[in-house]
Structures are given as structure tokens and as C-alpha cells.
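Peer 1:
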Amino acid sequence: MDAGSHLISSEKKTRAAAVQRQPLQEAGFRPYMPSLSTAPRNPSAKCYVSSSCLGDRFIPDRSAMDMDMAHYLLTEPRKNQENTEVVSPSKEAYRRLLREKLLNNRTRILAFRNKPPEPENVSAADAVSSHQAKPAKQRRHIPQSAERTLDAPDLVDDYYLNLMDWGSSNLLSIALGDTMYLWDASSGSTSQLVTVDEDSGPITSVSWAPDGRHLAIGLISSDIQLWDTSSSRLLRTLKGVHESRVGSLAWNNNILTTGGMDGSIVNNDVRIRDHAVQTYQGHSQEVCGLKWSGSGQQLASGGNDNLLHIWDVSMASSMPSAGRNQWLHRLEDHTAAVKALAWCPFQSNLLATGGGGSDRCIKFWNTHTGACLNSVDTGSQVCALLWNKNERELLSSHGFTKNQLTLWKYPSMVKMAELTGHTSRVLFMAQSPDGCTVASAAADETLRFWNVFGTPEVAKPAPKASHTGMFNSFNHIR
1 MDAGSHLISS EKKTRAAAVQ RQPLQEAGFR PYMPSLSTAP RNPSAKCYVS SSCLGDRFIP
61 DRSAMDMDMA HYLLTEPRKN QENTEVVSPS KEAYRRLLRE KLLNNRTRIL AFRNKPPEPE
121 NVSAADAVSS HQAKPAKQRR HIPQSAERTL DAPDLVDDYY LNLMDWGSSN LLSIALGDTM
181 YLWDASSGST SQLVTVDEDS GPITSVSWAP DGRHLAIGLI SSDIQLWDTS SSRLLRTLKG
241 VHESRVGSLA WNNNILTTGG MDGSIVNNDV RIRDHAVQTY QGHSQEVCGL KWSGSGQQLA
301 SGGNDNLLHI WDVSMASSMP SAGRNQWLHR LEDHTAAVKA LAWCPFQSNL LATGGGGSDR
361 CIKFWNTHTG ACLNSVDTGS QVCALLWNKN ERELLSSHGF TKNQLTLWKY PSMVKMAELT
421 GHTSRVLFMA QSPDGCTVAS AAADETLRFW NVFGTPEVAK PAPKASHTGM FNSFNHIR
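Going by our numbering, the residue at position 468 of the sequence shown is 468; the numbering climbs one at a time, nothing skipped.
1. Going by CA-CA distance only, name the one from Trp365, Leu394, Asn403, Asn304 that's closest to Ser412.
2. Just to confirm before moving on: does the CB-CB distance between Leu171 and Ile203 stay below 8 Å?
3. With 16 as the cutoff for other CB atoms within 10 Å, does Asp359 come out buried or exposed?
4. Would you kindly work out how many angstroms separate the C-alpha atoms of Pro345 and Trp387, rounded to a whole number?
5. Note down, in chain order, each residue of its chain lying with its Cβ closer than 7 Å to the Cβ of Leu234, except the 5 sequence neighbours on either side.
6. Which one of Phe453, Phe449, Phe428 has the shortest CA to CA distance from Leu155?
7. Run through the DSSP bridge pairs and tell me what Tyr181 is partnered with.
8. Which residue marks the beginning of the beta strand (DSSP E) containing Leu385, and which one marks its end?
9. Note down the Cα distance separating Val128 from Phe453, rounded to an integer number of angstroms.
10. Check whether the Cβ atoms of Asn349 and His368 sit closer than 8 Å, and answer yes or no.
11. Taking a contact to mean a Cβ-Cβ separation below 8 Å, would you say Ser173 touches Val206 in this structure?
12. I think Ala371 touches Ile142, with their Cβ atoms under 8 Å apart; what is that distance to the nearest whole Å?
13. Beta-carbon within less than 7 Å of Leu98's beta-carbon, same chain only, minus the 5 sequence neighbours each way: which residues are those?
14. Once DSSP output is grouped into helix, strand and coil, what is the label at Arg448?
15. Helix, strand or coil: which one does DSSP assign to Leu97?
16. Quick one: grab the DSSP three-state call for Ser264.
17. Are there 16 or more other CB atoms within 10 angstroms of the CB of Tyr94, so buried, or fewer, so exposed?
18. If you draw a straight line from the alpha carbon of Met261 to that of Gly303, how long is it in whole angstroms?
19. Would DSSP call Asp68 helix, strand or coil?
20. Determine the DSSP secondary structure at Leu394, reduced to helix, strand or coil.
21. Report, in whole angstroms, the separation of the C-beta atoms of Trp166 and Gln431, which I expect to be a contact under 8 Å.
22. Keeping to the same chain, check which residues put their C-beta closer than 6 Å to that of Gly296; ignore five residues upstream and five downstream.
23. Report the start-end ranges of each alpha helix (DSSP H) in the segment 306-373 that is 4 residues or longer and not cut off at the edges.
24. Taking buried to mean at least 16 other C-beta atoms within 10 Å of its own C-beta, is Val338 buried or exposed?
25. Let me check one thing: in DSSP terms, what residues is Asn252 bridge-paired to?
26. Quick test of your reading: Arg265 and Val287, contact by CB under 8 Å. State the CB separation rounded to the nearest angstrom.
27. Where does the unbroken beta strand (DSSP E) through Ile220 begin, and where does it stop?
28. CA-CA distance, Lys415 and Ser396?
29. So the beta strand (DSSP E) Ala300 belongs to, where does it begin and stop?
30. Are the beta-carbon atoms of Asn403 and Ser375 separated by less than 8 Å?
31. Run through DSSP, which three-state label would Arg239 get?
32. Give the straight-line distance between the Cα atoms of Ser189 and Tyr181, rounded to the nearest whole angstrom.
33. Can you find a heavy atom of the ligand NAP that lies under 7 Å from the Cβ of Asn403?
34. When you compare only the Cα positions, how much space is there between Ser479 and Met67?
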């Protein structure tokens, strides 16, 4: 295998060189200047408001005058003078009230402009409904093709490994054979972190610490390396944790949980010399999936023995005998290896799991009770699962026969989109820190980026990192 190969962008040069022009309205603000012309733009159109249509203001507009009303206003005072009869106060009050109602208190005779047109008759119900009606939410456009495609030579085609992760500092890590590469999503640059020797490699798992700076790398030799990516420095190597390759990793604050082919799961406190603090025994074959819940209280583990286990932190403290812990739930519904695990971001006790080629199902679990809430047959091997952080949606990647990514609406599990382009099974997926972009790596040795989750309406500020002191004690370890 060519361990020195780099990720090479396969985008066209014309696209990279294209310059996006700014809309004219963003070039600068131009103040409003009224027109100096006195003639209307459309001479045949009637103008009711603009002073440019009024003509000479001292010449009345006969078409705008009510001649009958003008005649009445001119002759009424003379009639009142000629009629000398005595009128009672009540009759005079009646005449005055009638005149006010009929004339609407009009006293002007001449008119210099036409009245504005009367509005169309609109019922009160229509007015209320139009006021209360809210614009319908536009359906999000889901691009059907990848935004970017990178070459990923020497990517190991192994369903049980976990070779890609996207950290909170916007660095994507991907293992290609014996070499770990870092791709900076902000700049598009690629760097090589480490190439392990042949006795230790290839790399079998990778996982970013919550701080987005430190990276854990699992090896086929059973060792686990901890790297500071900001200085490209190896901090320490955890040895003797497992008897064979380490295929899965998961962080919970300063605890690095590792899963091996030996079926054991070990919690390692990376701050102390004797790092192995707890062991979970429940799988009889390789642990290929590990995920901590968002609260850090529950751990989900999936294995090649078709088993799914839910482990609870509270039970670990109550049953510390021999450093081993009892599972909270042992779930046997899947009929193939359980690798794809995804905790729901909007419901803490909801877990989605996916089965291998003989199972092909996505199942949803209530991890408090252990109940299976739903099961959907996808028709193909489920390799990875990701929740949309902004909408109630789930993305799955698949193997034979379509090698596609499928976006599901939750909880109806209606297919919203199927993204194709990979020519072999889509083994790994990773999500950008903002939750919008998804990277997929497949056995066709390509890495593709999809804008499948769109852009959140309101960008939430990133929480302050509380893990900056995680590795402070490494300088004192010998």
C-alpha cells in the first residue's frame, strides 16, 4: 500500500477558479433622489397622488367636481335669506343635522384633483384570514450530488472499522492504510499526521477528543496512540488494553472508551498513569460500534455477535466488583453485526441502530426501558447513521446494492432523498461541527461531501469548551 499518498481533489479546475460576483444591491447604498420630471411615465394613466400630475394648481379640474353639490352650496345661503319664516329651534336643529349627514360637512366648491380610487370590496372574513395566514415554510432543497470529491487511496475496505471522524475544530481525520491524514475544512488543506510502522499498522480506528485538538488512534497491534494535532506530537501510547486490534473508540470528557476484537470494552482515564479504570464484558466477538450519549450517562455498544448493549454510569459505580460492570440492557433483535449507532440530539433516551448485510434494518430504542420503538427494513447493509442536529431527520449510509445515502424523516421514516455517487459500500460518515455538511468515505476510495442537512435558520453560539485541561498532566508522565 502507498502510505505516502495524499488526498487529491478531483474537482474541475474551472470550478475552483470561478469567482462569485456580488449582487448589485450589496455594492453600496444609494440614497433616494426624487425625479425632476413633471410628466408621468405613462401619459395615458391617471395619477391620483403625485404632484407631477396636478398641472396648474390655480385651475380647477371640472372632471373632479360634483356640479349638483356645487349648485346646492351656492344657492342654499340665498334661499335662507329669502325665506323669512320663523323656524322653531327643533326644526332648525333637524335641518342642520340633515345637512351635515347629506353633505358630510362639505364646504368646498372647487376641486383641483380627482379622488383616489375606491378600494375593492373586501369582506371582513377575508381581511381577517389574510391577516392571520402565515406563509408556508419552503421545502428545503437537497442537492443530489456531492459538493466535493477527494481521492482516498488505500482506504481499508473493512465494515468493522471506524476510520474517519470530524472534530470540533473543523478538522477531518481519515486513516488511509498506515497513514493518518488531517483535512482542514476551513482552508481545504491536507496534512499528514503520522505513518505508523508496519508492525503496528494499519490504523483501525480514530476519534477526536471533545476539545477538537487531541486525537485517539487505534491500531491493529492493540495499541492506542494519543496525539496533540496542534503540535503534531505523540503524547502517549496506551498498551495492554486489548489482546487484538482496536476497531472502535468513543470519548466521554476525559474518558477514552475503547472496543477491541477481543470483545472487551475498556474505559481509560487519559489523565492518570494507570489509565484502565473500568471494563465492560458482554460481547463475545469484536466490538465494532461505540457511542456515548449526549449526557455522558449511557454507553451503547454494538458487536459482530449481533448484540446491542446499553451501559449506564450509575450501575458502574454500584457494581464495582473486579472492575467489571453489568449492562443495563442486552438487546438481541438484530440478526447481523451492529456497527451503526446514533444517539438522538433532541431526545436523550432515543437511540438509532443499524444492522449488517443479513439484517438491513434501522431500529429505534428507548434506552430507559429497553423497548424497540420501531424497525425499518432498508433493503441493504446499514454502515453508518447520523442525526440532523437542526431537523427531525436521520441519514443512513448503505452497502450493497445501491451504495447510497438515504435521508429519512423521523418518526414517519419516509424517504426524503437518496444520494448516489459512490460505486462501493459507504463505510463511514462524519458530520461537520455546524451540523450541515456530511462527509462519506467508501470502499471505492473516494471521500465525498454532501450539503444534505442544509443551513440552520438561527446559528447557535458554540458552547465554551470545558476540556482544555484534559492533557495538562502529560508533561509529567514518565
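We treat Cβ as the ideally placed atom computed from N, Cα and C, and that holds for glycine.
Peer 2: Put simply:
1. When only C-alpha atoms are compared, the closest one is Leu394.
2. No, the pair does not count as a contact, with Cβ atoms beyond the cut-off.
3. Counting Cβ neighbours within 10 Å, Asp359 comes out buried, since at least 16 surround it.
4. Each residue's alpha carbon lies about 7 Å from the other.
5. In chain order, Gln225, Trp227 place their CB closer than 7 Å to the CB of Leu234, counting only its own chain and leaving out the 5 sequence neighbours on each side.
6. Closest by C-alpha distance to Leu155, out of Phe453, Phe449, Phe428, is Phe428.
7. Looking at the DSSP output, Tyr181 sits in a beta bridge with Ile174, Gln192.
8. Counting along the chain, the beta strand (DSSP E) containing Leu385 begins and ends at 382-387.
9. Because the pLDDT at Val128 is just 48, under 50, the model does not fix this residue reliably, and the point stays unresolved.
10. The Cβ atoms of Asn349 and His368 lie closer than 8 Å to each other.
11. Yes, these two residues count as a Cβ contact at 8 Å.
12. The C-beta separation of Ala371 from Ile142 comes to about 32 Å, leaving the pair out of contact by the 8 Å criterion.
13. Annotation for Leu98: no residue places its beta carbon closer than 7 Å to its own, counting only its chain and skipping 5 residues before and after.
14. Strand at Arg448.
15. Three-state result, Leu97: helix.
16. Looking at Ser264 - three-state DSSP - the assignment turns out to be strand.
17. Its Cβ having fewer than 16 others within 10 Å, Tyr94 is exposed.
18. In this structure, the straight-line span from the alpha carbon of Met261 to that of Gly303 is close to 9 Å.
19. Note: Asp68 maps to helix in three-state DSSP.
20. Three-state DSSP puts Leu394 in a strand.
21. Going by Cβ atoms, the distance from Trp166 to Gln431 rounds to 6 Å, so yes, they are a contact pair.
22. Close CB contacts of Gly296 within its chain, under the 6 Å cut and outside five residues either way in sequence, are with Asn252 (chain order).
23. Contiguous alpha helix (DSSP H) elements confined to the segment 306-373 occur at 313-318, taking only those with 4 or more residues.
24. Val338 is buried by the Cβ-count criterion.
25. Bridge partners of Asn252 according to DSSP: Ile255.
26. Note that residue 265 is Ile in the sequence shown, not Arg. That pair is a contact at about 6 Å.
27. First-last for Ile220: undefined, no H or E at that position.
28. Lys415 and Ser396 have their C-alpha atoms some 11 Å from each other.
29. Its beta strand (DSSP E) spans residues 298-303.
30. Cβ atoms of Asn403 and Ser375: not closer than 8 Å.
31. It is Lys, not Arg, that sits at residue 239 in the sequence shown. Lys239: coil per DSSP, three-state reduction.
32. One alpha carbon belongs to Ser189, the other to Tyr181, and they sit about 10 Å apart.
33. No copy of the ligand NAP occurs in the structure displayed, which carries no ligand at all.
34. Nothing in the structure corresponds to residue 479, since the chain is present only between 1 and 478.
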